[in-house]
Amino acid sequence: MSMLERITRYNHGGWPRRDIPKLNIKPKPAPISDDGLDRGIFSRRRDIMNQVLSPTIRHFGLDGSNSLPFSRPPPSPRARSPHSLASYEPELNWDQDALLELSDQIRESLQRTKSVHPHGDKLSAFLEAALRDVELRPGRPTLDFETIEYARLDKLIADILTTTEKVRISSNANCVKGADGWGGGGGGGVAVGGSKIEIGEAMQTGTGKLGPCLSRYRADVANAKTLLRAWRRRFREQYFMMDQRRASVLVREGRLKDVSFNNSLACELGKWYWYTKVSGPVSELEGNLHFDPGHWWLNITCAERDGMVASSFETPTKGRYGINTLPLLTGQEEMVRANTYKYVREGRAADMHIALISQVGRQIRVLRGYRLKSIVAPQAGVRYDGLFTIKQYGCKQDSKTGLYRLELTLERVPDQNKSLEEIKSIPRPSQLDDWNLYEKLEGDKIKLVQGETSYLEWKLRRQEEKIDREDWRRARLFRASFSQ
Numbered sequence: 004m005s006m007l008e009r010i011t012r013y014n015h016g017g018w019p020r021r022d023i024p025k026l027n028i029k030p031k032p033a034p035i036s037d038d039g040l041d042r043g044i045f046s047r048r049r050d051i052m053n054q055v056l057s058p059t060i061r062h063f064g065l066d067g068s069n070s071l072p073f074s075r076p077p078p079s080p081r082a083r084s085p086h087s088l089a090s091y092e093p094e095l096n097w098d099q100d101a102l103l104e105l106s107d108q109i110r111e112s113l114q115r116t117k118s119v120h121p122h123g124d125k126l127s128a129f130l131e132a133a134l135r136d137v138e139l140r141p142g143r144p145t146l147d148f149e150t151i152e153y154a155r156l157d158k159l160i161a162d163i164l165t166t167t168e169k170v171r172i173s174s175n176a177n178c179v180k181g182a183d184g185w186g187g188g189g190g191g192g193v194a195v196g197g198s199k200i201e202i203g204e205a206m207q208t209g210t211g212k213l214g215p216c217l218s219r220y221r222a223d224v225a226n227a228k229t230l231l232r233a234w235r236r237r238f239r240e241q242y243f244m245m246d247q248r249r250a251s252v253l254v255r256e257g258r259l260k261d262v263s264f265n266n267s268l269a270c271e272l273g274k275w276y277w278y279t280k281v282s283g284p285v286s287e288l289e290g291n292l293h294f295d296p297g298h299w300w301l302n303i304t305c306a307e308r309d310g311m312v313a314s315s316f317e318t319p320t321k322g323r324y325g326i327n328t329l330p331l332l333t334g335q336e337e338m339v340r341a342n343t344y345k346y347v348r349e350g351r352a353a354d355m356h357i358a359l360i361s362q363v364g365r366q367i368r369v370l371r372g373y374r375l376k377s378i379v380a381p382q383a384g385v386r387y388d389g390l391f392t393i394k395q396y397g398c399k400q401d402s403k404t405g406l407y408r409l410e411l412t413l414e415r416v417p418d419q420n421k422s423l424e425e426i427k428s429i430p431r432p433s434q435l436d437d438w439n440l441y442e443k444l445e446g447d448k449i450k451l452v453q454g455e456t457s458y459l460e461w462k463l464r465r466q467e468e469k470i471d472r473e474d475w476r477r478a479r480l481f482r483a484s485f486s487q
């Protein structure tokens, strides 16, 4: 037997075979910190992804604090799946009221200064968060249709893109000038941050000191367009019917609740009357707590429904709460000095508010309507401007025309909840959305009841009154600029 055969027999002989024990080795789980968040490889990848997608997402808030109109609840580590990075993104809890406030703030800036300053950082953070919510959760984003409708986010995106188109036209004409924030300067250009310089070339190249601001501007516009396409693709016809839904809510449970169009009343001085069923009286204390300066209605009948006045006519009345209220819906008003105004109107003897003679020296609630020629009148609807003291009452008749002239001096009571400067910003853009729906609804009612001719007359009269008020306001502001 050769040596090779001996070695082979020795290895396969009668020696008992020993089973090699298998080691039960389990992968070491990723450590979990005290705050309950997984710090493993997927968590690190998610953190890097968040920083890339949204480097400013957690730095800006509506009140200047480190908060946004949404929050991220920490997810349970067990609920995570290592097969999908999307499952690692915690759901966002959107605050509808905070989103509405953010939308109003940005839209106000766009309308007044064609700029998003000083809310540009909050806008960027919102767009990035909303877009990431769509991309990482296809088919089930947390920003639902009701929140978009309530917060007027569709109007916000539309205003951003409309301003962008104006910016593009201005930049092509080389009239784009710099200011703080992106949007537009006073001359219809874009405000992109810094000094007042021509930036037509910089808009194309993104170079120079304006580069970072222009980069953010382009990123915001691109995110707004992508978000608009995603919402249209997701909601389809619902998105395009959003205003119809809002109009239905406006009548059923919104600002026109319990207010109806009266088909039997004719038009007087361009005003179509509405009517409401007035409920019983309540305590004066409840009335004082119910209304704050800046409260806004679509028309005087809505104020009657809520108990502010006792009639839809322009006359001093005691409302449901027993407090005298003076609606200033027509006529004109001049500022005598700070917080003191002279109200003037002409008409018949019955329109001279004779009852106010006994109220001189007393306080009275004052409502201002959009048809009043005044630099502090609201842009639309009827607004409660607070308590005023009647300082002087005067009335005289013109011997030539036979018309009476009323002059009323009103001084605003100091230390109220809101100053007149704060109130002048009311109605907000979301309230103006309701006003536009209200005007369309009123026009449709007139067309249905009175016909196409009456509707065209009503529309023409409205437009003429609007042009007349704007011309008067510009003249007063021009005159005031020289007196300063």
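Numbering-wise (the working numbering), the sequence shown opens with residue 4 and increments by one.
Built from N, CA and C at the ideal position, the CB exists for glycine as well.
From a predicted model like this one, the values you see are computed outputs, not experimental measurements.
| Asked | Found |
| --- | --- |
| Below 8 Å between beta carbons: does that hold for residue 368 and residue 344? | no |
| Buried or exposed for residue 434, going by 16 or more other Cβ atoms inside 10 Å? | buried |
| If contact is defined by three or more beta carbon pairs under 8 Å, each pair taking one atom from either stretch, is the stretch 447-455 in contact with the stretch 303-321? | no |
| Do you know whose CA, among 99, 280, 444 and 129, lies nearest residue 305's CA? | 280 |
| Tell me, which residues are paired with residue 398 by DSSP? | 409 |
| Look at residue 331 and residue 384 and say whether their C-beta atoms are less than 8 Å apart. | no |
| Name the two residues that bound the continuous beta strand (DSSP E) containing residue 327. | 327-331 |
| Please list the terminal residues of the continuous beta strand (DSSP E) segment that includes residue 370. | 366-372 |
| Relative to the C-alpha of residue 515, which residue among 131, 168 and 254 is closest? | This structure does not reach residue 515, given that the chain is present from 4 up to 487, and the question cannot be answered. |
| For residue 150, which residues in the same chain have their Cβ closer than 7 Å to its Cβ, ignoring the five residues on either side in sequence? | 97, 99 and 102 |
| In whole angstroms, what separates the C-alpha of residue 470 from that of residue 138? | 46 Å |
| Between residue 153 and residue 407, what straight-line distance do the alpha-carbon atoms span, to the nearest angstrom? | 47 Å |
| For residue 429, name the three-state secondary structure that DSSP assigns. | coil |
| Using DSSP with H/G/I as helix, E/B as strand and the rest coil, what is residue 226? | helix |
| Ends of the beta strand (DSSP E) at residue 1? | Since the displayed the chain opens at 4 and closes at 487, residue 1 lies outside it and no answer follows. |
| So, using beta-carbon positions, are residue 415 and residue 342 closer together than 8 Å? | yes |
| Starting from residue 349, trace the beta strand (DSSP E) both ways and give me its first and last residue. | 343-350 |
| Would you list the residues sitting across from residue 279 in a DSSP beta bridge? | 262 |
| Counting Cβ pairs, one atom from each stretch, are 3 or more of them under 8 Å apart for the stretch 298-314 and the stretch 254-264? | yes |
| Which one or two residues does DSSP pair with residue 376 in a beta bridge? | 335 |
| Just curious, the alpha helix (DSSP H) that residue 123 is in, first and last residue? | 123-139 |
| If distances are taken between C-alpha atoms only, which option among 264, 443, 109 and 225 comes closest to residue 247? | 443 |
| Which residues in the same chain have their Cβ closer than 6 Å to the Cβ of residue 301, if we skip the five residues on either side of it in sequence? | 258, 384 and 441 |
| How about residue 264 and residue 277: are their beta carbons less than 8 Å apart? | yes |
| Given a cut-off of 8 Å on the beta-carbon distance, is the pair residue 390 and residue 419 in contact? | yes |
| Go ahead and label residue 480 buried or exposed: buried means 16 or more other beta carbons lie within 10 angstroms of its beta carbon, across all protein chains shown. | exposed |
| For residue 485, count the other beta carbons within 10 Å of its own beta carbon; 16 or more makes it buried, fewer makes it exposed. Which is it? | exposed |
| Going by the beta-carbon positions, is the gap between residue 359 and residue 230 smaller than 8 Å? | no |
| Nearest to residue 478 by CA position, among 377, 329, 428 and 397, is which residue? | 377 |
| Please name the residue, chosen from 335, 365 and 116, that lies closest to residue 348 on a Cα-to-Cα basis. | 335 |
| Which same chain residues end up closer than 7 Å to residue 168 when comparing Cβ atoms and leaving out the 5 residues on each side of it in sequence? | none |
| Using the rule of at least 16 other Cβ atoms within 10 Å of the residue's Cβ for burial, across every protein chain shown, is residue 459 buried or exposed? | exposed |
| I'd like the list of long-range same chain contacts for residue 62, defined as Cβ closer than 6 Å, with 5 residues on each side in sequence excluded. | With a pLDDT of only 40 at residue 62, under 50, the local geometry of the prediction cannot be trusted, and the value read off the model is given with reservation. Nothing meets the Cβ criterion. |
| Starting from residue 150, follow the alpha helix (DSSP H) in both directions and report where the run begins and ends. | 148-153 |
| Can you tell me whether residue 456 is buried or exposed? The criterion is at least 16 other CB atoms within 10 Å of its CB, across all chains shown. | exposed |
| Ignoring anything shorter than 4 residues, give me the alpha helix (DSSP H) runs that lie fully in the stretch 296-327, in order along the chain. | 303-308 |
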